[in-house]
Amino acid sequence: MSYTEVLERKSEILKKTMENWILKENRDGLNRQEAHIYRNMLKELHQNEQELHTAREEERPEAKSAQDAPANREPVSQGV
């Protein structure tokens, strides 16, 4: 299992867990400890999504090299 696959799986698990926390918050509310856990999980989800994005970008070197190459295209005028 590659690093990207691990991050994707972790993201799925975090999203499902966050969904459960949101349902609980809407149904019963959260006490201080639960709210703290919820905020930390949300931070972890965002961090994981950023790592996943970075890992996917690193796996596609041809896409990155195409972005780094100078564009020799003529501008296209858009009629209004």
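Quick note: the sequence shown, position 57, residue 434 per the numbering used here, numbers continuous.
By construction, the Cβ of each residue, glycine as well, lies at the ideal position given by its N, Cα and C atoms.
- The stretch 427–434 makes no contact with the stretch 390–403; the number of CB pairs closer than 8 Å stays below 3.
- Counting only the Cα atoms, residue 415 lies some 9 Å from residue 402.
- The C-alpha of residue 434 is placed about 13 Å away from the C-alpha of residue 384.
- Between residue 405 and residue 437, the alpha-carbon positions lie close to 44 Å from each other.
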